[in-house]
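Inspection log for the structure reproduced underneath, given as structure tokens.
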Amino acid sequence: MPMPTEEQVSQVLGEIQDPELHRGLNELNMVRNIAIEGTRVGVLVALTIPGCPLKDYFHQVIPAKLKETYPEITEVDVQLTSMTEEERQALVGNLRQVAPAPFARSDSSTQVIAVGSGKGGVGKSTTTVNLAASLAKQGYKVGLLDADVWGFSIPRMLGVHERPTVVEDMIIPPEMFGVKIVSIGLFTTEDNPVVWRGPMLHKALQQFLNDVHWDEPDYLLIDLPPGTGDVAISIAQFLPGASMVVVTTPQAAAEKVAQRAGFMAEKTGLKVIGVIENMSFFRGDDGKAYDIFGSGGGQSLADNLNVPLLGQIPIDPKLRELADVGAPIVLQHSDTEVAQALDEAAKEITNLLPPRPKASKRIELPLMTMGGGHDHGHGHHH
Ligand code: ADP
12 MPMPTEEQVS QVLGEIQDPE LHRGLNELNM VRNIAIEGTR VGVLVALTIP GCPLKDYFHQ
72 VIPAKLKETY PEITEVDVQL TSMTEEERQA LVGNLRQVAP APFARSDSST QVIAVGSGKG
132 GVGKSTTTVN LAASLAKQGY KVGLLDADVW GFSIPRMLGV HERPTVVEDM IIPPEMFGVK
192 IVSIGLFTTE DNPVVWRGPM LHKALQQFLN DVHWDEPDYL LIDLPPGTGD VAISIAQFLP
252 GASMVVVTTP QAAAEKVAQR AGFMAEKTGL KVIGVIENMS FFRGDDGKAY DIFGSGGGQS
312 LADNLNVPLL GQIPIDPKLR ELADVGAPIV LQHSDTEVAQ ALDEAAKEIT NLLPPRPKAS
372 KRIELPLMTM GGGHDHGHGH HH
């Protein structure tokens, strides 16, 4: 059997994606040299940043993929270097061109859904995390922005702790369970809280929307701080087309505050599409549903806001236990009543807000050095 040509090797490399940027190596202009000697192949790859944590990944994946495709290859020598400042800037510029501050554009393919509540402790963040995981489980591309700047809990609930990679001034969000995550909590430590005030907060949120390589998800969920305020207003300003889901508990008191959040959302321009009632009941061993926190709050709020009740989530200690160890219940115990209620709510959301079609044509990156115009790494399979 003949050895592959340089072109063929290049093509295989183009099928390998950078695990953070989700683009093929050719498209990212990362392949710098290919040398073939007998049955041995040498490859030089330029990483986006020096000391990139992905070194081991490329040392493994490149030889494996080449040998799998061309069994006659006996040895693959992968050399890694890093991009120059100019190359990095060009790369970031090109990635931005593909998805420039995407959500605010009227032709954005992303459905943005803010999740709010009238007060803290109703399970808004827990619900948001599970909705995100459920949407990802259904095959959608999902982003999750933790804008609950004072009580950020998303990183813990999804078990994400490392600081995001920053290339130039572009933040590459860590991904967990198919959900891309950005939180203020990833840039500070819990014992070193940041005091966020109006203008600074506005700026930070803007950055989290514009300078993050979200890569056109189908859904971007935003965990708002409880109550009404600056964050909701900023989000509504940045993203005039965004929708909102309100989480409440069944008792009337919580309902009143949630209602305020609902009206507030309408004032700011976030369109409320539905209500989720959390902690609706506890299912005893006897099979009976016990209304621990009263009943009817979710439905009456939904009626007041003239939107559907998207779900009633039971109380389940497992939900909390799993959230504490970074494992969403919809993934860990999808057969439980609580997981099914959350999955149902996520489905209701996709019914109300079906994913938008992707913009017809992506801008082709003018970065090819070899291998020609193969369009690798764009396919989003649902
Ligand atoms: P919020 O974001 O509204 O402040 P959290 O999502 O942080 O609320 O939830 C508050 C607490 O309640 C957390 O400890 C969470 O694990 C727990 N919790 C939320 N929903 C449920 C539920 N349905 N069953 C049991 N515990 C829950």
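Residue numbers (our numbering): 12 to 393.
Every residue gets a Cβ at the ideal spot worked out from N, C-alpha and C, and that includes glycine.
It should be emphasised that the depicted structure is a prediction, and the values quoted were computed from it without experimental measurement.
Alpha carbon to alpha carbon, what distance is there between residue j and residue i?
i	j	result
L169	Q122	21 Å
K282	S194	23 Å
Q343	A352	14 Å
L220	Q71	33 Å
T139	E83	49 Å
V286	G53	57 Å
L58	T347	43 Å
E86	Q28	21 Å
G413	V103	Any question about residue 413 goes unanswered here, given that the chain covers just 12 to 393.
P64	E31	10 Å
D88	G196	39 Å
K369	D118	9 Å
G240	E17	58 Å
K66	M187	20 Å
V20	E227	30 Å
K395	M12	Missing from the structure shown is residue 395; the chain here goes from 12 to 393 and no further.
L333	P339	6 Å
P74	P366	37 Å
N105	P184	17 Å
V177	G129	34 Å
I182	G150	24 Å
F114	V242	16 Å
E97	I60	12 Å
L424	A46	One cannot answer for residue 424 here, as it falls past the ends of the chain, which runs 12 to 393.
V126	L77	45 Å
N362	D229	13 Å
P111	G252	Note on P111: pLDDT 46, under 50, position unreliable in the model; no value is reported.
Q217	R116	14 Å
L231	A356	16 Å
D297	V256	33 Å
G131	L235	10 Å
A278	L156	For the record, residue 278 in the displayed sequence is Lys; it is not Ala. Rounded to the nearest angstrom, the two C-alpha atoms are 22 Å apart.
K267	H33	44 Å
G134	M290	8 Å
K372	V223	Because the pLDDT at K372 is just 43, under 50, the model does not fix this residue reliably, and the point stays unresolved.
I303	D327	12 Å
F274	G238	11 Å
E288	A350	14 Å
Y395	S120	Not covered by the structure: residue 395. The range shown for the chain is 12 to 393.
G280	Q248	8 Å
G307	I284	19 Å
From what residue to what residue does the beta strand (DSSP E) around residue i run?
i	result
S254	S254 to T259
L321	L320 to I324
I124	Q122 to S128
What residue range does the alpha helix (DSSP H) around residue i cover?
i	result
V72	K66 to T80
I27	It is not in any alpha helix (DSSP H) - I27 carries neither H nor E in the DSSP assignment.
T11	Nothing in the structure corresponds to residue 11, since the chain is present only between 12 and 393.
L316	G308 to L316
N44	Not the alpha helix (DSSP H): N44 falls in the beta strand (DSSP E), residues V42 to E48.
L39	Here L39 belongs to no alpha helix (DSSP H), and DSSP marks it neither H nor E.
L363	E348 to L363
P328	P328 to D335
I think residue i touches residue j, with their Cβ atoms under 8 Å apart; what is that distance to the nearest whole Å?
i	j	result
E179	Q100	6 Å
I233	I246	6 Å
T50	M14	6 Å
T259	L312	5 Å
W225	G154	5 Å
D354	S164	Rounded, the Cβ-Cβ distance is 21 Å, inconsistent with contact.
N315	Q270	6 Å
V56	M41	5 Å
G309	Y301	That pair is no contact at about 16 Å.
L91	F69	6 Å
F293	P319	Actually they do not touch by this definition, with Cβ atoms about 24 Å apart.
L364	T137	Actually they do not touch by this definition, with Cβ atoms about 21 Å apart.
R436	F198	Nothing can be reported for residue 436: it is not among the residues displayed for the chain, which extend from 12 to 393.
L142	I360	7 Å
So what does residue i bridge to, in DSSP terms?
i	result
F293	Y301
T92	A57
K282	S254
R51	E48 and E86
L156	V193 and I233
E288	T259 and Q323
Checklist entry - At what residue ranges does the stretch 167–251 contain a whole run of the beta strand (DSSP E), taking only runs of 3 or more? => result 176–178, 181–183, 190–194 and 230–234
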